[in-house]
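Data block below; observations after.
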Amino acid sequence: MRSINMALQLYTQDHKAMPGPTWTLQNGIYNRSVSLVNYLAAYLGEPKEPTLEIVKTYVPAPFLDYIEQEGHETTIVYDANNDRVVTGASGREQSIWAHIGDVQDQPDGEPPMTPLNIYALQSELAPEEFWLLRTSFNVRGHPDAEDIYGGGRVTLYLDGHIEINE
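Note that the working numbering has the sequence shown beginning at 4, numbered continuously upward.
Here it is in structure tokens:
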């Protein structure tokens, strides 16, 4: 999670916005989709062009052995916060990532929904309380996901700190 935090900080400095649009459920395959790993791969030491492989520095270590097994490559490893917490340029409330479902459902003629400027978010949200990304308990994930961190989730917050919480 620390490497993702650093990659996210570098990305937002370069782009002045959060990565996105993206899905809420995240896997670790670098394949040009709208998954977070595809926006951050270059900041995690991956080549510029997608490898169609799992980005090992993106996947939580306890999940990696499971995910590398054939048939488990698309296992969900993270949940991205999809709470609609701010009003974007479109005038609609949206998540910080500009969830792909919201982008696809935009009415014609409306300004495009885009990821938000991370610097503006710091003043609108409580950065020490607002979570960005957390390990997943998704049913498509690791069969023992809920037990790996003692029933908790590793969670990255907007201010950059990481906690294990329930």
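All residues carry an ideal CB built from backbone N, CA and C; glycine is no exception.
Limits of the unbroken alpha helix (DSSP H) element including residue i
i	result
Pro24	That residue, Pro24, is in no alpha helix (DSSP H); it is neither H nor E in DSSP.
Pro63	Per DSSP, Pro63 belongs to no alpha helix (DSSP H) and is neither H nor E.
Ala10	5–18
Leu47	It is not in any alpha helix (DSSP H) - Leu47 carries neither H nor E in the DSSP assignment.
Buried versus exposed call for residue i [16 or more other C-beta atoms within 10 Å across all chains shown]
i	result
Thr90	exposed
Ser126	exposed
Glu49	buried
Gln12	exposed
Gly154	exposed
Leu161	buried
Gln107	exposed
His102	buried
Ala10	buried
Asn84	buried
Asp105	buried
Gly112	exposed
Thr158	buried
Ala44	buried
Arg172	No answer is possible for residue 172: the residues shown for the chain start at 4 and end at 169.
Per DSSP, the bridge partner or partners of residue i
i	result
Ile32	Ile57
Tyr81	Gln29, Thr138
Asn168	Arg156
Meets three-Cβ-pair contact criterion under 8 Å: the segment 51–58 and the segment 9–22: By the C-beta criterion, the segment 51–58 is judged not to be in contact with the segment 9–22, since fewer than 3 inter-stretch pairs fall below 8 Å.
Identify every run of the beta strand (DSSP E) within the segment 83–165, keeping only runs that are complete inside it and at least 3 residues long; order them along the chain. Within the segment 83–165, the complete beta strand (DSSP E) runs of at least 3 residues are 134–138, 156–160.
Is the segment 20–36 touching the segment 66–79, taking contact as three or more C-beta pairs under 8 Å? Enough Cβ pairs lie closer than 8 Å, so yes.
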